[in-house]
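A.B. asks: In terms of the numbering used here, the sequence shown is residues 9 to 114. Built from N, CA and C at the ideal position, the CB exists for glycine as well. Pasting a structure here, questions to come.
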Amino acid sequence: MALRDSTIEHLEIAAAAALDKLATDLIAIDLSEQMVLSEVFLIATGQNERQIDSIADEVELKLASIGERPARRERSAQWILLDYEDLVIHIQTKEIRQYYMLERLW
C-alpha cells in the first residue's frame, strides 16, 4: 500500500519544523509495505537534550496548527518519540542514534 497523501503532508511539515530548529541527518523510512502500525518513521538528530526538546516542541506546534496532536509522546534524556499513529517521529542525540541505529532495523 502506498503512503497516503495526508501522511506525506504531515511528514513534510514535521521535517520542515525539525530543520527550522537545526535538526540534522533527517531520514524518512517508508514502512507502508511492511505490516506495522505506522506508515513512516522520521528520524532526526539533535546535538543535546535542549535541542531535542526544541525540535520536538516545534514539530508539535506545526502539526497542531493543522489540527494534528500526537497520540503519545515519550521522552528520555536523549530521545523523544512523537507518535502521530501513521507518522512516528524519533528525535535523538547523535550518541543514542548511533547506538540504536533505527534506520538499520527497517
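What separation, rounded to the nearest whole angstrom, lies between the Cα atoms of Leu63 and Ala52?
C.D. replies: Here residue 63 is Ile; the residue named in the question, Leu, does not match the sequence. Ile63 and Ala52: Cα-Cα distance of roughly 9 Å.
A.B. asks: Under three-state DSSP, which class holds Arg105?
C.D. replies: Arg105 falls in the helix class under three-state DSSP.
A.B. asks: Report all residues from its chain with a CB closer than 7 Å to the CB of Asp91; omit the five preceding and five following residues, and keep chain order.
C.D. replies: Cβ neighbours of Asp91 beyond the five flanking positions: Pro78, Ala79, Arg80.
A.B. asks: Which residues does DSSP pair with Arg80 in a beta bridge?
C.D. replies: Partner(s): Asp91.
A.B. asks: Going by C-alpha distance, which of Ser40, Leu39, Arg58 is nearest Gln86?
C.D. replies: Of the candidates Ser40, Leu39, Arg58, the one whose C-alpha sits nearest the C-alpha of Gln86 is Arg58.
A.B. asks: Could you name the residues that DSSP lists as bridge partners for Asp38?
C.D. replies: For Asp38, which the question treats as bridged, DSSP gives the partners Val48.
A.B. asks: Can you tell me whether Ala24 is buried or exposed? The criterion is at least 16 other CB atoms within 10 Å of its CB, across all chains shown.
C.D. replies: Exposed, because fewer than 16 other Cβ atoms sit within 10 Å of the Cβ of Ala24.
A.B. asks: Compare the beta carbon distance of Asp94 and Thr15 with 7 Å and say whether it is the shorter of the two.
C.D. replies: Yes.
A.B. asks: Taking all protein chains shown into account, do 16 or more other C-beta atoms lie within 10 angstroms of the C-beta of Gln106, making it buried, or fewer, making it exposed?
C.D. replies: Gln106 is exposed by the Cβ-count criterion.
A.B. asks: Just verifying my parser: in three-state terms, what is the DSSP assignment at Gln59?
C.D. replies: Of the three classes helix, strand and coil, the one that applies to Gln59 here is helix, per DSSP.
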